[in-house]
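S.K.: Here it is, the structure, as structure tokens.
What follows is the structure, encoded as structure tokens:
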């Protein structure tokens, strides 16, 4: 971003077909066009939501967006109905963190998204996932989030890098035969 922060986003569109993929492309393009001109992620999602509503698509998308300052670890984040993020710690513990935000994108006009700010401490990792990673046949969202958090924290405790942490989480999702799309984004502050 122009001020030196790093913007990160993960999202998931409704559906599994070519139209769903195209819609997610529109969401991504909208966010990328708006983000450099806005000082906070809540405003980016508010403006993106309004743009998507004007497109009158029969779809919606969830999204988590973070601005991270690499100098001090300050994170400003918001969510548009997306899966909670996970915080993993070097001591092997983890926690589920549900960000402030609002409803999914592309549904309710006039929505103002809320955001919160916290610090990503050194040696800590944030894990953002799509629902296909943590929810599926025989696996509730809560149980899946706990499992992914435990895997991430153990991997962090073992000294693995961000890519290896993501691989460990994805490997567990594949092992339980999830039918949904899967994406994992790991941010580790060193």
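In the working numbering, the protein residues as written are -8 to 181.
C-beta atoms are modelled at their ideal positions from N, C-alpha and C, and glycine is treated no differently.
Count the CB pairs spanning the segment 8 to 15 and the segment 63 to 72 that are closer than 8 Å, and state whether there are at least three.
M.R.: Short answer: they don't touch.
S.K.: Exposed or buried, residue 159, counting other C-beta atoms within 10 Å across all chains shown (16 or more means buried)?
M.R.: As a working mapping, residue 159 is identified with position 168 in the chain shown. Looking at its Cβ environment, which holds 16 or more other Cβ atoms inside 10 Å, residue 159 is buried.
S.K.: What does DSSP give as the partner residues of residue 118 in its beta bridges?
M.R.: The residue labelled residue 118 in the question sits at position 127 within the chain shown. BP columns for residue 118 point to 77, 177.
S.K.: Considering residue 185, what are the terminal residues of the alpha helix (DSSP H) in which it resides?
M.R.: Residue coverage of the chain in this structure runs from -8 to 181, which leaves residue 185 outside it and unanswerable.
S.K.: Taking just the CA atoms, how far does residue 98 sit from residue 34?
M.R.: As a working mapping, residue 34 is identified with position 43 in the chain shown. As a working mapping, residue 98 is identified with position 107 in the chain shown. If you take the alpha carbons of residue 34 and residue 98, they lie about 16 Å apart.
S.K.: Would you call the segment 78 to 90 and the segment 36 to 48 in contact, with 3 or more CB pairs under 8 Å?
M.R.: Counting Cβ pairs under 8 Å, fewer than three are found: no touch.
S.K.: Considering only the alpha carbon of each residue, which of 120, -8, -7 lies closest to residue 135?
M.R.: For the purposes of this step, residue 135 is taken as the residue at position 144 of the chain shown. Comparing Cα-Cα distances from residue 135 to each of 120, -8, -7, the minimum goes to 120.
S.K.: Taking three-plus beta-carbon pairs below 8 Å as touching, is the segment 107 to 126 in contact with the segment 77 to 86?
M.R.: With a cut-off of 8 Å, the segment 77 to 86 and the segment 107 to 126 count as touching, because enough Cβ pairs lie within range.
S.K.: Report the residue from 15, 57, -8 whose alpha carbon sits nearest the alpha carbon of residue 111.
M.R.: Start at 1 with the first residue of the chain shown, and residue 111 comes out as number 120. With distances taken between Cα atoms, residue 111 lies closest to 57.
S.K.: Quick check on DSSP: helix, strand or coil for residue 155?
M.R.: By one-based count along the chain shown, residue 155 stands at place 164. The answer is helix: DSSP assigns residue 155 an H, G or I state.
S.K.: For residue 95, which residues from the same chain have a beta carbon less than 7 Å from its beta carbon, with the 5 sequence-adjacent residues on both sides left out?
M.R.: Sequence index remark: in the chain shown, residue 95 carries index 104 (1-based). Result list for residue 95: 51, 52, 53, 71, 72, in chain order.
S.K.: Can the beta-carbon of residue 180 be found closer than 7 Å to that of residue 115?
M.R.: Against the chain shown, residue 180 aligns to sequence position 189. Against the chain shown, residue 115 aligns to sequence position 124. Yes. Within cutoff.
S.K.: Is it buried or exposed for residue 149, if we count other Cβ within 10 angstroms and need 16 for buried?
M.R.: Here residue 149 refers to the residue found at position 158 when the chain shown is read from its first residue. Label assigned to residue 149: exposed.
S.K.: Pull the bridge partners of residue 109 from the DSSP assignment, please.
M.R.: The sequence position of residue 109 within the chain shown is 118, counting from 1. Answer is 66.
S.K.: With DSSP run on the structure shown, which of helix, strand or coil describes residue 135?
M.R.: For the purposes of this step, residue 135 is taken as the residue at position 144 of the chain shown. Here residue 135 sits in helix by DSSP.
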